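Beneath this line is the structure, given in structure tokens, with notes to follow.
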Amino acid sequence: MNTIVYFFTVLKNNRAKIDRGQLLRDSVETSGISVTKLVKKIGISRSTYYNHISDPELPLDLLLKYGNALHINFNDFLGDLLVDSTKESQGLYLEKVEPNNFEEAIAQVQFWRNKYYELSDKYQLVLEFHFKHK
15 MNTIVYFFTV LKNNRAKIDR GQLLRDSVET SGISVTKLVK KIGISRSTYY
65 NHISDPELPL DLLLKYGNAL HINFNDFLGD LLVDSTKESQ GLYLEKVEPN
115 NFEEAIAQVQ FWRNKYYELS DKYQLVLEFH FKHK
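Mapped onto the numbering used here, the consecutive letters of the sequence shown carry residue numbers 15 to 148.
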């Protein structure tokens with residue numbers, strides 16, 4: 015009988031919260047578009063825009079709306095928060111798959127290691143952006 019042992023490390027989520035209003039403000043300033051043109055494009059008032067940039071918890075759907083108007087992909091800054099959850103990706107994480115053999119176990123370990131590295135790289139980009147525009 016073969017015994018397979020799994021080793022996992024519990025990681026804490028130390029991710030700093032991103033001030034989405036500040037992110038929006040910085041993006042608008044960088045884009046060079048005037049606030050007047052932007053609010054007309056989106057169909058809101060200037061006062062609403064100023065309320066949005068002062069809201070650190072600006073709803074993601076509003077941020078996406080601004081992103082479309084500014085031609086900015088906020089996925090680069092917020093990573094997985096804005097990624098559409100497709101059934102395929104949901105199934106991957108919700109489905110508990112037990113490996114049938116050692117090779118499958120190794121493949122799972124490699125998959126999750128690569129996923130960790132990918133997310134770690136995205137997190138670094140977010141941190142760099144956050145501290146650069148602080």
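Ideal Cβ positions, reconstructed from N, Cα and C, are used throughout, including at glycine.
Every value quoted in this text rests on a predicted model; they were computed, and no experiment measured them.
Buried/exposed call for residue i, threshold 16 Cβ in 10 Å
| i | result |
| --- | --- |
| tyrosine 63 | buried |
| isoleucine 120 | exposed |
| glycine 81 | buried |
| leucine 133 | exposed |
| serine 48 | exposed |
| histidine 85 | exposed |
| serine 41 | buried |
| leucine 215 | Examination of residue 215 is not possible in this model, given that the chain is present from 15 through 148 alone. |
| phenylalanine 88 | buried |
Neighbourhood of residue i by C-beta distance below 6 angstroms, restricted to the same chain and skipping five residues each side
| i | result |
| --- | --- |
| lysine 146 | none |
Sequence-distant residues of the same chain with beta carbon closer than 7 angstroms to residue i, five excluded per side
| i | result |
| --- | --- |
| glutamine 122 | Pro113 |
| histidine 66 | Gly35, Leu38, Leu72 and Leu76 |
N-terminal and C-terminal residue of the alpha helix (DSSP H) that residue i is part of
| i | result |
| --- | --- |
| asparagine 128 | 116-146 |
| asparagine 82 | 74-84 |
| glutamate 43 | 34-45 |
| lysine 51 | 49-56 |
| serine 61 | 60-67 |
Residues near residue i by beta carbon distance below 8 angstroms, same chain, minus five either side
| i | result |
| --- | --- |
| serine 59 | Val53 |
| glycine 57 | none |
| lysine 79 | Ile56 |
| threonine 50 | Arg60 |
Exercise. Give a yes or no on contact between the stretch 65-74 and the stretch 29-38, applying the rule of three or more CB pairs nearer than 8 angstroms.
Key: yes
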